[in-house]
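The numbering of the sequence shown is the working numbering, which starts it at 698 and goes up by one. Quick reminder that beta carbons are idealized off the backbone N, C-alpha and C, glycines included. On a predicted model such as this, the values are computed, not experimentally measured, just so you know.
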Amino acid sequence: MIALTRLRMPGWRLIAGLSLLVVVPLTVLARVGWQPLTSFDRRSDDSAHTFVLGHSWLLWAAQQLTHLGDPVVVTVLALLAALVMVRRGRRRAAVYLLLVRAVAVVIGEGLKELIRRSRPVLAHPVAHAHGFSFPSGHALGSAALYASIAVVLGPRVPFAARLALGVLPPLVVAGTRVLLGVHFPSDVIAGLFCGWAIALLLAAALRP
698 MIALTRLRMP GWRLIAGLSL LVVVPLTVLA RVGWQPLTSF DRRSDDSAHT FVLGHSWLLW
758 AAQQLTHLGD PVVVTVLALL AALVMVRRGR RRAAVYLLLV RAVAVVIGEG LKELIRRSRP
818 VLAHPVAHAH GFSFPSGHAL GSAALYASIA VVLGPRVPFA ARLALGVLPP LVVAGTRVLL
878 GVHFPSDVIA GLFCGWAIAL LLAAALRP
């Protein structure tokens, strides 16, 4: 596996570009209400909802783990990480972390207003959320945050650990949003890849 320290900035832009190849088509299809995507989303949500209703431990776990992507939690973690970078004399890294969070918020809210997709409607809801559904703000925010922290950790931390940090928490958060019935699968997929793209594109631009 290629070490992150050997992955040059053009490589980061390539990965970000590939992420956008997922986000852009999903955004277009969600905007026009493409029937196959809508049907897949609804079937998947119904299946996940039925499953979680029959497994109380999974519902409890989803209710707890989803907070890893709460906007307040993500913002506080970004601020704390930036403060640590400042104390270590890495001001560019601090600016990068804060900028990633700000851009993630703006793009996430902008896409929600553009698509204006309603949230899932379930017979026996186990959670409630406000605002539009696409993309998932929890998935987008957590992907951008944890990927940006993984970027600034640098080569002193093993690549596998940084990769796990940038990928696993956002995947867990995305899964909880579907299990809780507040988002469709395409909402969280678009959120994940959009967040990762933001973190990598800004890393290529700012070189934190």
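Note down the Cα distance separating ASP767 from GLN732, rounded to an integer number of angstroms. As a working mapping, residue 767 is identified with position 70 in the sequence shown. As a working mapping, residue 732 is identified with position 35 in the sequence shown. Taking the straight line joining both Cα atoms gives about 30 Å.
What are the boundary residues of the alpha helix (DSSP H) that includes ALA871? As a first step, residue 871 must be located in the sequence shown, where it is residue number 174. Start and end: 856-876.
With a threshold of 16 other CB atoms inside 10 Å of the CB of PRO855, please say whether the residue is buried or exposed. Taking the sequence shown and counting its residues from 1, one reaches residue 855 at position 158. So PRO855 counts as exposed.
Nearest neighbour of SER830, chosen from PRO852, GLY878, ARG787 [CA to CA]: Here the question's residue 830 lines up with position 133 in the sequence shown. Of all alpha-carbon atoms in PRO852, GLY878, ARG787, the one lying nearest the alpha-carbon of SER830 is that of GLY878.
Is the distance from the Cβ of VAL848 to the Cβ of ALA801 below 8 Å? For the purposes of this step, residue 848 is identified with residue 151 of the sequence shown, where counting begins at 1. For the purposes of this step, residue 801 is identified with residue 104 of the sequence shown, where counting begins at 1. Cβ atoms of VAL848 and ALA801: not closer than 8 Å.
Tell me whether GLY714 is buried or exposed, calling it buried when 16 or more other Cβ atoms sit within 10 Å of its Cβ. Stepping through the sequence shown from its first residue, residue 714 is reached at position 17. That one is exposed.
Count the other CB atoms within 10 Å of the CB of PHE890; is the residue buried (16 or more) or exposed (fewer)? As a first step, residue 890 is located in the sequence shown; it is residue number 193 there, counting from the start. Within 10 angstroms of the beta-carbon of PHE890 lie 16 or more other beta-carbons, which makes it buried.
SER883 vs ASP738 beta-carbon contact at 8 Å: Locating residue 883 in the sequence shown gives position 186, where the first residue counts as 1. Locating residue 738 in the sequence shown gives position 41, where the first residue counts as 1. A contact, by the Cβ cut-off of 8 Å.
Inspect the beta-carbon positions of HIS825 and VAL870 and report whether they are closer than 8 Å. For the purposes of this step, residue 825 is taken as the residue at position 128 of the sequence shown. For the purposes of this step, residue 870 is taken as the residue at position 173 of the sequence shown. Cβ atoms of HIS825 and VAL870: not closer than 8 Å.
Anticipated Cβ contact below 8 Å, VAL793 with LEU717, distance rounded: For this step, residue 793 is matched to residue 96 along the sequence shown. For this step, residue 717 is matched to residue 20 along the sequence shown. The amino acid occupying residue 793 in the given sequence is Tyr; Val does not appear at that position. The pair is not a contact, with the Cβ atoms about 19 Å apart (cut-off 8 Å).
Just the Cα atoms here: how many angstroms apart are LEU862 and TYR843? In the sequence shown, the residue the question calls residue 862 occupies position 165. In the sequence shown, the residue the question calls residue 843 occupies position 146. Each residue's Cα considered, the two are about 6 Å apart.
Quick one, which of VAL864, ARG814, ARG813 has its alpha-carbon nearest GLY838's? Numbered from 1 along the sequence shown, position 141 holds the residue referred to as residue 838. The residue with the shortest Cα to Cα distance from GLY838 is VAL864.
Cβ separation of GLY872 and PRO832, assumed to be a contact under 8 Å, to the nearest whole Å: For the purposes of this step, residue 872 is identified with residue 175 of the sequence shown, where counting begins at 1. For the purposes of this step, residue 832 is identified with residue 135 of the sequence shown, where counting begins at 1. Not confirmed; about 15 Å, so no contact.
Helix, strand or coil for SER833, going by three-state DSSP, please let me know. Your numbering for residue 833 matches position 136 in the sequence shown. In the structure shown, SER833 sits in coil (DSSP, three-state: anything other than H, G, I, E or B).
Just the C-alpha distance for PRO867 and LEU765, rounded to the nearest angstrom, thanks. Translated into positions along the sequence shown, residue 867 becomes position 170. Translated into positions along the sequence shown, residue 765 becomes position 68. So the alpha carbons of these two residues sit roughly 8 Å apart.
Alpha-carbon spacing of LEU734 relative to ARG787, whole angstroms: As a position in the sequence shown, residue 734 is number 37, starting the count at 1. As a position in the sequence shown, residue 787 is number 90, starting the count at 1. Rounded to the nearest whole angstrom, the CA to CA distance from LEU734 to ARG787 is 44 Å.
C-beta atoms of ALA894 and VAL781 nearer than 8 Å: Taking the sequence shown and counting its residues from 1, one reaches residue 894 at position 197. Taking the sequence shown and counting its residues from 1, one reaches residue 781 at position 84. No, the pair does not count as a contact, with Cβ atoms beyond the cut-off.
Can you give the Cα-Cα distance for GLY828 and GLY751, rounded to whole angstroms? Translated into positions along the sequence shown, residue 828 becomes position 131. Translated into positions along the sequence shown, residue 751 becomes position 54. Rounded to the nearest angstrom, the two C-alpha atoms are 28 Å apart.
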